[in-house]
Amino acid sequence: MRSERRVPETPSSPALSIIIPMLNEAGNVLPLIEEIAAALKLYAPVGENFEIICVDDGSTDATASEIKLAQKSHPQVRLIRHAQRLGMSGAIRNGVRAATSDWILTIDGDRQNDPADAKRLMDLGWAEGRNGKILVAGIRANRRDTLGKRLASRFANAIRRALLKDNCPDTGCSLKLFRRESYLELPFFNGLHRFMPALFKLYGSACIFTPVNDRPRERGVSKSDFAGRAIKGLYDLLGVVWLIARTPAPERGKEE
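Everything in the sequence shown is counted per numbering that gives the first Met the number 0, starting at 0 for the first residue and increasing by one.
Laid out in structure tokens, this is it:
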């Protein structure tokens, strides 16, 4: 697997890189960025020292234009554009690769994740310093999706937990905090974002799960294809089961 260039954290690097995958989220861009900026500026360990990387995953609406507009009042905002849709995992991957902080926070672009919850994730992840290998993942409380979507998600999560033993009740929540280097060690495939807890554990990171707020979508439409996602998810799940069975726990040697 091709190695990734590590961007070292320096005193001038941002304390946090926020990655937002976006696909046709016109109308959500500006309110979401405003919410994120307001929440982080009140959080002392970050304050003004952050960057927001918006990854436009082949949008056909005004998403990119709204991101550029946001840059005028929020210089921390960066835009990465995909000429064609790569999917959630591809968007997260390219955002992480472009990030200049050693710590990454991912959040969905539809505003259903609440930026106010970011503080809890960082408190948990940084409780013992910022050098640990850890994934902090949000677990959506009081899901605000349709009944069909909630039932499908519950069924898929039950199967995944039974096979992978990752102890995570909700891998579909986009609100996650992790180290950039730890993420880039993982094998990449479409659908990786659904299996991050199991793979982070496999590669030596501790995992913490914490309840977070889930809000109803106010603008735009869901991009989920339940039938297609179920088929792809099962295919990916079998692949991850095989991968875990065939991967010894990675261990770094010590330089002497």
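The beta-carbon is built from N, C-alpha and C at its ideal position, and this holds for glycine as well.
Simplified DSSP assignment, three categories, for residue i
i      : result
Thr105 : strand
Glu255 : coil
Arg92  : helix
Phe177 : strand
Met199 : Position check: residue 199 holds Phe in this sequence, whereas Met was assumed. Note: Phe199 maps to helix in three-state DSSP.
Leu78  : strand
Val211 : strand
Gly46  : coil
Pro13  : coil
Pro168 : coil
Ala244 : helix
Ala205 : strand
Gly238 : helix
Own chain, CB closer than 6 Å to residue i, minus 5 neighbours either side, in chain order
i      : result
Asp55  : Met21, Thr62, Ala63 and Arg80
Leu31  : Arg110
Lys132 : Ser181, Gly203 and Ser204
Ser58  : Leu22 and Asn23
Ser100 : Ser12, Pro13, Leu15 and Ser16
Val45  : Ala14, Leu15 and Leu39
Asn189 : Gly86 and Ser88
Asp235 : Gly190
Leu78  : Cys53 and Ile66
Cβ-heavy atom distance, residue i to the ligand MG, below 6 Å
i     : result
His81 : The ligand MG is not part of this structure, which contains no ligands at all.
Classification of residue i by the beta-carbon crowding that lies within 10 angstroms, buried from 16 upward
i      : result
Val220 : exposed
Ala14  : buried
Trp241 : exposed
Leu104 : buried
Glu184 : buried
Leu201 : buried
Glu255 : exposed
Glu50  : buried
Ala126 : exposed
Ile106 : buried
Gly108 : buried
Ile35  : buried
Where the alpha helix (DSSP H) containing residue i begins and where it ends
i      : result
Ser72  : Thr62 to Ser72
Ala82  : Run containing Ala82: none; DSSP gives neither H nor E here.
Leu39  : Val28 to Lys40
Ala117 : Ala117 to Gly124
Boundaries of the beta strand (DSSP E) in which residue i is found, first to last residue
i      : result
Val135 : Ile133 to Ala140
Asp55  : Phe49 to Asp55
Leu185 : Looking at the DSSP string, Leu185 is not in any beta strand (DSSP E), and its letter there is neither H nor E.
Beta-carbon proximity check, residue i vs residue j, cutoff 7 Å
i      : j      : result
Gly137 : Leu191 : no
Ala43  : Pro114 : no
Cys206 : Leu162 : no
Ile18  : Ile91  : yes
Gly94  : Ile52  : yes
Asp325 : Pro210 : The chain is shown only over 0 to 255; residue 325 falls outside these bounds and no answer can be derived.
Ala25  : Asp60  : yes
Gly124 : Leu198 : no
Cβ neighbours of residue i in the same chain (closer than 7 Å, five flanking residues each side left out)
i      : result
Ala69  : Val28, Leu29, Ile32 and Val76
Met0   : Because Met0 sits at a pLDDT of 38, beneath the cut-off of 50, its placement in the model cannot be relied upon, and the point is left open.
Asp116 : Gly137, Leu174, Val211 and Asn212
Close-in-space but distant-in-sequence residues of the same chain around residue i (CB under 8 Å, 5 per side omitted)
i     : result
Ala98 : Val6, Ser16, Ile18, Glu50, Ile52 and Arg179
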